[in-house]
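There are 2 protein chains.
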Amino acid sequence: MKLEDIAEKAGVSRSTVSRVINGDRYVSEKTRHKVLEVIENEGFSPNPAARMLVTQRTDVIGVVLANRVEEVFSADSPYYFSNLIQGVSDTAHDHDFSMLLWLEHSRESVEQFYQRILKNRLMDGLVIAASVTRENLLLNSLLKSQTPFVLLGRPLQYEDQISYVSVDNVQAAQMAVQHLLAQGRRRIATITGNLDDADGIDRLEGYKRAIQNAGLTVDQALITEGRFTRDWGYLCARTLLQRGTPIDAVFAGNDAIAMGAIQAFTEVGLRVPDDIAIIGFDDLPIATQNAPHLTTIRQPILQKGARATILLIDLIEGRGQQPTQILLPTQLVIRQSS
Amino acid sequence: MKLEDIAEKAGVSRSTVSRVINGDRYVSEKTRHKVLEVIENEGFSPNPAARMLVTQRTDVIGVVLANRVEEVFSADSPYYFSNLIQGVSDTAHDHDFSMLLWLEHSRESVEQFYQRILKNRLMDGLVIAASVTRENLLLNSLLKSQTPFVLLGRPLQYEDQISYVSVDNVQAAQMAVQHLLAQGRRRIATITGNLDDADGIDRLEGYKRAIQNAGLTVDQALITEGRFTRDWGYLCARTLLQRGTPIDAVFAGNDAIAMGAIQAFTEVGLRVPDDIAIIGFDDLPIATQNAPHLTTIRQPILQKGARATILLIDLIEGRGQQPTQILLPTQLVIRQSS
DNA sequence: TTGAAAGCGCTAACAT
DNA sequence: ATGTTAGCGCTTTCAA
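Going down the list, the sequences are from chains V and H. Here the first sequence is numbered in our numbering, starting from 1 and rising by one per residue. Here the second sequence is numbered in our numbering, starting from 1001 and rising by one per residue.
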């Protein structure tokens, strides 16, 4: 079934059917009705390939989850990326876009992965959720080819040339540590997330600022460099314990880290929050699924995906040409662990 | 940049370039080399719209996650669907397909959702991960239009006309309950998953068979109908407690249910496994993230996605026309909760 | 307000 | 082994 068949059945020309489908104003009510009726009866929808070929638009966006598979969807935080995708998906479909999902294959290099994406010409633009150190190839090619894209998270390079959506990690981390300070804690440690990632870097920066603003000095013995996983949280907490430096609170780079840390502290008989307070970041479901419920910073994950997609579609449709940066608000959620 | 530009630079015709790109045998080594060199230099890849238009193939598959959003990606088990998607994605890309992801929008009806998918003509076929009661519209239309598709999970209708990949839930559930029986448990209750879903139905069936095979009688007071979520597990466990019927073990429809049940039992002072044994289904990460570690049935989630995709691509490419059903093996994983 | 016709970039049948 | 040519099903001038 094609346009021409509809045209014939409706007694009009191809062009008129096309006009009806595309909402052109210059069609009489009468013919419009007739044509819509035939389309409805036949359950017709236009061939997207033919349309793409002439319009040079696909109405498809790509979503790139560029962290290594195991980190993205494995043990700890599938929730985070799942919600991101849901936010993108909802918004995309609101604007009649479909969504091509790109996941790194376990048996391929990052370079191959990016090549695969770049070679695919089925997308009008990309939403990229990835730690950005590794994707110079991707970012460079995209910038060079003028392909519209929006980053989820602050890029470490070209910050002013790139549209992105994030939260104010520095400010949020400060808020977290200030909360611990307000509880009377003074020996506040931190277990960072990945420090090749703006989220990790900025949260550490916020920690330091809060400590300094309180008139304390930043003590390297209180800082452990981890990754955004539960296992790393566990390991880094043990490292802190082994160092022997007294601590009465920990600011964790995210909730997964916090859960691992709680486990480590609990195992050696420390009580949370009595002996040691813990605060996380994200407010994932795991935050409230075990005792003690986790005090944490809530960030609007779904909205991050949604706003990024709106931004991308604006870019694709030629609205708002210059790079835009959006920081979404966060919220301190006080529970039992602090 | 198009085929013709490459042709010109390589000093050959459009068709020859096309032949090289599509691996046609009838090209001399010399020209093939020349053409590939130009393609490489220019970073050319062919316009998929043009190719689709003539080949009537898109090399795109769709993945439909048709449960309500909240159930798919929310609190409990994003892990399950995430891994499914990863399995599909890996396999799709092995065969040079891209993957269009379909998530139900929070503000749309199932019917609208399915219409949206059916109207999109950008896919050669579909992998459908959904409880199947609700998608008569989808299945019917797909069957009628001869669109290739593969179901993840056994369909409740048209079972012999439909290709699907699942595990042998009946047998697996029997294995689970037999394990409890072997531990000397005799008052074995079950908290089912959704009973409008083949997984839920078949696991209940397996439970009943195991009970009967052991010479016991199925007691309705030991059966609670739940859903595949932690919350339902919690609620149904409380229901069991309120009924007052003595129980010494619970077969949960999945791990999320099991976790909720453990919480409910622990809250009233029951010890797992001393007072009550629990067994789950899936073997998600949550199974080992809290004490006691959960005894459960492991199912190969990634492989489910992978096999379904292979099946789908076979269908698309005209191999193996008749509907195929695949049941993947499961495994009893004995841990602390039993 | 409508129709005729050109052309988007590719593949594949046919010719050579 | 390579080139020529006719579409694939749409949108979009241009003309009427």
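For every residue, glycine included, the Cβ atom is placed at its ideal position computed from N, Cα and C. Remember, predicted model here, so these are calculated numbers, not experimental data.
Assumed close pair residue i, residue j - CB separation to whole angstroms, cut-off 8 Å
i, j, result
"residue 150(V)", "residue 311(V)", "5 Å"
"residue 250(V)", "residue 309(V)", "About 35 Å separates the two Cβ atoms, so there is no contact after all."
"residue 1122(H)", "residue 1060(H)", "6 Å"
"residue 1292(H)", "residue 1331(H)", "The pair is not a contact, with the Cβ atoms about 19 Å apart (cut-off 8 Å)."
"residue 1252(H)", "residue 1206(H)", "Incorrect: roughly 13 Å between the Cβ atoms, too far for contact."
"residue 195(V)", "residue 188(V)", "The pair is not a contact, with the Cβ atoms about 18 Å apart (cut-off 8 Å)."
"residue 248(V)", "residue 186(V)", "7 Å"
"residue 1103(H)", "residue 1304(H)", "About 19 Å separates the two Cβ atoms, so there is no contact after all."
"residue 1290(H)", "residue 290(V)", "6 Å"
Rounded C-alpha distance that separates residue i from residue j
i, j, result
"residue 1219(H)", "residue 230(V)", "42 Å"
"residue 282(V)", "residue 300(V)", "8 Å"
"residue 334(V)", "residue 279(V)", "9 Å"
"residue 244(V)", "residue 277(V)", "17 Å"
"residue 327(V)", "residue 157(V)", "17 Å"
"residue 222(V)", "residue 203(V)", "15 Å"
"residue 1116(H)", "residue 318(V)", "26 Å"
"residue 136(V)", "residue 199(V)", "18 Å"
"residue 148(V)", "residue 56(V)", "14 Å"
"residue 1246(H)", "residue 1273(H)", "15 Å"
"residue 1237(H)", "residue 1213(H)", "25 Å"
"residue 1170(H)", "residue 1142(H)", "28 Å"
"residue 232(V)", "residue 80(V)", "17 Å"
"residue 1091(H)", "residue 113(V)", "14 Å"
"residue 10(V)", "residue 165(V)", "47 Å"
"residue 1329(H)", "residue 16(V)", "56 Å"
"residue 1295(H)", "residue 1275(H)", "15 Å"
"residue 78(V)", "residue 263(V)", "20 Å"
"residue 1069(H)", "residue 1008(H)", "Low confidence applies to residue 1069(H): its pLDDT is 45, below 50, so where it sits in the model is not reliable, and the reading given next is rough at best. Each residue's Cα considered, the two are about 51 Å apart."
"residue 288(V)", "residue 1155(H)", "35 Å"
"residue 1050(H)", "residue 1025(H)", "22 Å"
"residue 111(V)", "residue 145(V)", "17 Å"
"residue 1268(H)", "residue 1320(H)", "55 Å"
CB contact flag (residue i, residue j, <8 Å)
i, j, result
"residue 1285(H)", "residue 1160(H)", "no"
"residue 1152(H)", "residue 1182(H)", "no"
"residue 1064(H)", "residue 1126(H)", "yes"
"residue 234(V)", "residue 261(V)", "yes"
"residue 5(V)", "residue 58(V)", "no"
"residue 1087(H)", "residue 1256(H)", "no"
"residue 1003(H)", "residue 1014(H)", "yes"
"residue 163(V)", "residue 315(V)", "yes"
"residue 1109(H)", "residue 100(V)", "no"
"residue 1226(H)", "residue 1192(H)", "yes"
"residue 1175(H)", "residue 1039(H)", "no"
"residue 82(V)", "residue 1082(H)", "yes"
"residue 211(V)", "residue 167(V)", "no"
"residue 241(V)", "residue 338(V)", "no"
"residue 1093(H)", "residue 93(V)", "no"
"residue 1046(H)", "residue 1021(H)", "yes"
"residue 313(V)", "residue 33(V)", "no"
"residue 217(V)", "residue 239(V)", "no"
"residue 1(V)", "residue 29(V)", "no"
Opposing strand residues paired with residue i [DSSP bridges]
i, result
"residue 1164(H)", "1151(H) and 1325(H)"
"residue 282(V)", "298(V)"
"residue 1192(H)", "None; residue 1192(H) has no bridge partner."
"residue 1100(H)", "100(V) and 1062(H)"
"residue 56(V)", "DSSP, once it has assigned bridges, lists no residue as partnering residue 56(V)."
"residue 1249(H)", "1188(H) and 1277(H)"
"residue 1127(H)", "1063(H) and 1150(H)"
"residue 117(V)", "Beta-bridge pairing links residue 117(V) to no other residue."
"residue 1332(H)", "1297(H)"
"residue 1339(H)", "Shown here, chain H extends from 1001 to 1338; a query on residue 1339(H) therefore has no answer."
- When you check each C-beta in the region 1228-1249 of chain H against every C-beta of chain V, which residues fall closer than 7 Å? none
(request) Using a Cβ-Cβ cut-off of less than 7 Å, list which residues of the region 21-44 of chain V approach chain H; keep chain order. (result) Listed by position along the chain: nothing, the set is empty.
Got a sec: which bits of the region 1281-1309 of chain H sit with their beta carbon under 7 Å from any beta carbon on chain V, in order along the chain?
1285 and 1290
Chain-ordered residues of the region 1075-1089 of chain H with a beta carbon less than 8 Å from chain V:
1075, 1076, 1078, 1079, 1081, 1082, 1083, 1085, 1086 and 1089
Discussion item. Please identify, using Cβ separations under 8 Å, the residues of the region 1123-1149 of chain H that lie next to chain V, in order along the chain.
Written reply: Answer in chain order: no residues at all.
For the region 1096-1108 of chain H, list every residue whose C-beta sits within 7 Å of some C-beta in chain V, in sequence order.
1098, 1099, 1100, 1101, 1103, 1105 and 1106
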